[in-house]
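Asker:
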Amino acid sequence: MASHTGGGGYGGGHDRLGTAVHAGRQVRDKSFHLNEIRKKNRAVQLEIERLDAEAQTRRLGTSQFDAIERKYDQLRAEVAHLQGALTDQNVVLDACVNAVDGAAQVEALRAKRSALATANADERRALNEAFERRVTLESGLKEAEAQLERLQRDVRSKVDALPGGKRAEYETLELENERLTRREAEAEAEIEKATAELQETERALGGDQVKQRALALRDKTRDLTERRAALREEKEALALSPEEQRERLKEQIRLDKETTARAEQDIVDLQRAIHAGESKLAGARHELNERDGGGSVESMDRADKLEKLLAQERELTEFIDNFEPARARALNDADARRVAIVAAMERTARHLSLKGNVPNQRRFKELERELAYKQTQVANAEHTNERLRTEKLERQNELAKIDELEDKIATELEGLRGRMSAMEKDVERFGDFPKLATEADETRARLTRELASFGARKDALRSIVNKRSLAHERRRRETQSGDAYKNLERMEVKIRTAEAGVYAAGEYIKGKESETDHGALRRNLDEVWEALNSELQKRAMYT
């Protein structure tokens, strides 16, 4: 009951609001806006019809405009041709005026023209040959791509014909190959990055003297540390008793003998493996030569076996190639160990011989003081050597600067000698007054001849230019007096007028649209309507 009453209150409230409060104003506002919209719609339609008519007229005049454009292009090409002919005539005129023999000059120009024509023909022929080569290369590339696709299809068909295990192994190998390829690319990128960082570090280190000095000191510290460790070991060895030294030497000799024996055994094993691999490879080759394939699967299995055997052959070949260097290195290591053993035995014998000459505590302290004094002398000598090396570098730099100054002085002296000789020649030439007078007369006569020649050329060019100007002016007047030109001007005026009208109509439409925009009023009315509806529903609920 309440809902029904509320619904009736909603409709009844709206009717009462429309009839009692704003009925007349709503009717007037609605009709006014509708009439304004109809007027503007009609004005827009009329403007569109007018623009369509003008566009139709413009389309009808397009043929005349195209004819005028074609005529313009034809005249432009003719003017360009005439300009080229005028240039050729100017060249011929210059050659004939400046030359003594005009016929010979004309023949020279004809020969030059034929040479240029021959060069153009050669260039055209070369371009045609290059184009043909390009076409041939493109066709060859397409054929190679097609052949590659056929090979890929054949390989795919052979792979599909493999048994399940072989196919799975092939797919696994392909995945492993892709993974290794990606890993190789990543490793190359990392190597390039590390190389770039190393180069950057080296450049930074090369430009920093402090870092270079620090590296040098670090290397020197490492060398001194190794030397101190060696001296400490030698001191510890000297501190041992003769029996302990003899036992240590025996142990070292035993270890060296074991190492030498293992190296010799490895060499023997490697030789046996080489002989076994060679015999196996020979047997496999003999078996492959005797057998022939029947089916595709057997041929693929045979190809796999052949590939494995070839891989083993490559490994064996590489091992054989590297066997002699490895054997030489092993022998060198053995020789070095023998030399070390002999040196150790000699050192032990020398120590045993010096057993009776072992210094006492006082003598040992004197030796320590003498060692400290020698170390001080060595340090002073190194300091002096460093200072002398620095002074030597400074003197070398000064000598280099002196050499550069000597080179510059020699160059300047050579230039001054050249200028002096040129000035002497000028003095001699200017001192010969009769010769100077003769040269001046010759120059005056040459300039007079050139002036007369240029005057004649000027008159000839002026007459030619006048003729061309008159012809151009006559053609321009003919073009302007033609109906096509007048129609084109009228069409241009119409186009400008139409564009102005379109712009004005657009501005008028934009202004009217902004005036008739009643969106805000509609939103306000919707808000008032919702507020009144909610109020009426509340009243209906309480009644």
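Here the sequence shown stands for residues 46 to 588, numbered as in the numbering used here. Idealized CB from N, CA, C, for every residue including glycine. The model shown is predicted, which means the values in this text are computed figures rather than measured ones.
DSSP state of L566, grouped into three classes?
Answerer: Correct three-state label for L566: helix.
Asker: With distances taken between CB atoms, is the gap from L225 to Y215 smaller than 8 Å?
Answerer: Result no, Cβ atoms of L225 and Y215 do not sit closer than 8 Å.
Asker: Tell me the rounded alpha-carbon separation between K503 and A130.
Answerer: If you take the alpha carbons of K503 and A130, they lie about 18 Å apart.
Asker: Check whether the Cβ atoms of D378 and A308 lie closer than 8 Å to each other.
Answerer: Result yes, Cβ atoms of D378 and A308 sit closer than 8 Å.
Asker: Our contact map puts H78 next to T542 with C-beta atoms below 8 Å; I'd like the distance itself, whole angstroms only.
Answerer: Contact flag wrong, Cβ pair sits at about 33 Å.
Asker: At which residues does the alpha helix (DSSP H) containing T493 begin and terminate?
Answerer: Segment F478 to S526, the alpha helix (DSSP H) holding T493.
Asker: What do you get for A585, buried or exposed, if any count of 16 or more other CB atoms within 10 angstroms of its CB means buried?
Answerer: Under this definition A585 is a buried residue.
Asker: Using the rule of at least 16 other Cβ atoms within 10 Å of the residue's Cβ for burial, across every protein chain shown, is V403 buried or exposed?
Answerer: For V403, the pLDDT reaches just 47, beneath the cut-off of 50, and the residue's location in the model is therefore unreliable, although a value from the coordinates is still provided. So V403 ends up on the exposed side.
Asker: Does L207 come out as helix, strand or coil in the three-state DSSP assignment?
Answerer: Three-state DSSP puts L207 in coil, outside helix and strand.
Asker: Suppose contacts are defined by Cβ-Cβ distances below 8 Å. Is E92 in contact with A550 by that definition?
Answerer: Their beta carbons are under 8 Å apart, which means E92 touches A550 by this criterion.
Asker: Are the stretch 502 to 518 and the stretch 82 to 102 touching, with three or more C-beta to C-beta distances below 8 Å?
Answerer: With the cut-off at 8 Å, the stretch 502 to 518 and the stretch 82 to 102 do not touch.
Asker: Grouping DSSP H, G and I as helix and E and B as strand, with all else coil, what is T561?
Answerer: T561 falls in the coil class under three-state DSSP.
Asker: What's the gap between the Cα of A68 and the Cα of K85?
Answerer: Any reading at A68 must be qualified, since the residue scores a pLDDT of 40, below 50, and its modelled position is unreliable; the value itself is stated next. Between A68 and K85, the C-alpha separation is close to 26 Å.
Asker: Based on Cα-Cα distance, which residue from K410, D311, R407 and E427 lies nearest to A373?
Answerer: The option with the nearest alpha carbon to A373 is D311.
Asker: Our contact map puts V204 next to R212 with C-beta atoms below 8 Å; I'd like the distance itself, whole angstroms only.
Answerer: Between R212 and V204 the Cβ distance is about 6 Å, and since that is below 8 Å, they are a contact.
Asker: A529 and A112 - do their beta-carbons sit closer together than 8 Å?
Answerer: Their beta carbons are under 8 Å apart, which means A112 touches A529 by this criterion.
Asker: Going straight from the alpha carbon of R272 to that of D314, what length do you get?
Answerer: One C-alpha to the other measures close to 40 Å.
Asker: Classify Q71 as buried or exposed, calling it buried when 16 or more other Cβ atoms lie within 10 Å of its own Cβ.
Answerer: Note that Q71 has pLDDT 45, beneath the 50 cutoff, so the model's placement of it is unreliable and the number below is only indicative. Exposed is the call here.
Asker: Going by beta-carbon coordinates alone, are I554 and V89 separated by less than 8 Å?
Answerer: Against a cut-off of 8 Å, the Cβ pair of V89 and I554 comes out as a contact.
Asker: What is the rounded straight-line gap between the Cα of R2 and the Cα of L269?
Answerer: No answer is possible for residue 2: the residues shown for the chain start at 46 and end at 588.
Asker: Going straight from the alpha carbon of R568 to that of E575, what length do you get?
Answerer: Whole-angstrom Cα-Cα distance: 11 Å.
Asker: Do you know how far the Cα of N511 is from the Cα of K531?
Answerer: Approximately 28 Å, taken between the alpha carbons.
Asker: Look at the alpha carbon of Y418 and the alpha carbon of T435, and state the distance between them as a whole number of angstroms.
Answerer: Computed Cα separation, rounded: 26 Å.
Asker: Given the structure, does A426 come close to the ligand GTP, in the sense that its CB is under 7 Å from one of the ligand's heavy atoms?
Answerer: Here there are no bound small molecules, and the ligand GTP is not part of this structure.
Asker: Return the CA-CA distance between D133 and A149, expressed in angstroms with no decimal places.
Answerer: Taking the straight line from one Cα to the other gives about 17 Å.
Asker: Between the C-alpha atoms of K157 and S508, what's the straight-line distance to the nearest angstrom?
Answerer: Each residue's Cα considered, the two are about 28 Å apart.
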